[in-house]
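Residue numbering for the sequence shown follows the working numbering, starting at 3 and increasing by one per position. Just so you know, even glycine gets a beta-carbon here, dropped at the ideal spot from N, CA and C. Note that this is a predicted model, so its numbers are computed, not measured.
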Amino acid sequence: MRDTVLPTLSRWANYSRLWLAVSGVLALSGNSGARRGALRGLMALSVASFSTNVVLKSLVRRPRPAVDAIPAVRRLRRPPITTSFPSGHSASAAAFTTGVAIEQPLLAVPVAVLASGVATSRVVTGAHYRSDVFAGVTIGIAAGVLTLRWWPRTSPSS
């Protein structure tokens, strides 16, 4: 799994493609709470992605880890060209998951499993240090919670 599934999962999460696909499934589910969760998740992802990839990476400029010790089968085919801190993949994964969890906590469980896989994959493939991933997850959760400032949670009976 570590050598095949996680690198593939990491690639699927490039440019938030994985979360766009999941949001599409949620939106088409016919469940209004799932649709709200998908929308909130995408809003949170946008905030987290901008914060990490545009603002923080340009300020911190931490080099990526050396991948010499990572088995070739686990390395990403195309190494990232941006700086390392914080992990944008992890921030986006946590933000999307938090957005879904705010609207549909039970539905967020399988999404959280995917998000955990994405975050883990960033260390396993040698793309990030653990601290990059931890910071990214923290930023993502904060971005998800921040959506409550401009879009209050809808009560389950609505």
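Near I141, which residues of its chain fall below 7 Å by C-beta distance, leaving aside the five closest residues on each side in sequence?
The count along the sequence shown starts at 1 and reaches residue 141 at position 139. Only A50, S53, T54, P88 and A93 meet the Cβ criterion.
Residues in its own chain within less than 8 Å of T84 by CB, not counting five upstream and five downstream?
Your numbering for residue 84 matches position 82 in the sequence shown. So the list reads N55, K59 and G90, once near-sequence residues are dropped.
Could you check whether the region 138-152 touches the region 103-123, counting it as contact only if at least three pairs of C-beta atoms, one from each stretch, sit closer than 8 Å?
yes
Classify A129 as buried or exposed, calling it buried when 16 or more other Cβ atoms lie within 10 Å of its own Cβ.
On the sequence shown, residue 129 is found 127 positions in, with the first residue counted as 1. Counting Cβ neighbours within 10 Å, A129 comes out buried, since at least 16 surround it.
Could you pull the start and end residues of the alpha helix (DSSP H) that F136 belongs to?
Within the sequence shown, the letter at position 134 stands for residue 136. That run of the alpha helix (DSSP H) goes R132 to W152.
How about the region 113-120 and the region 63-70: do they share at least three Cβ pairs that are nearer than 8 Å?
no
Which listed residue (V115, S86 and A36) has its alpha carbon closest to that of V125:
Looking up residue 125 in the sequence shown gives position 123. It is S86.
CA-CA distance, V57 and A46?
Along the sequence shown, one-based indexing puts residue 57 at 55. Along the sequence shown, one-based indexing puts residue 46 at 44. For V57 and A46, the distance between alpha carbons rounds to 16 Å.
What does the alpha-carbon distance come out to for the pair R155 and I143?
To locate residue 155, count along the sequence shown from 1; it is residue 153. To locate residue 143, count along the sequence shown from 1; it is residue 141. Roughly 16 Å separates the two Cα atoms.
F52 by DSSP, collapsed to three states: which one?
Translated into positions along the sequence shown, residue 52 becomes position 50. Looking at F52 - three-state DSSP - the assignment turns out to be helix.
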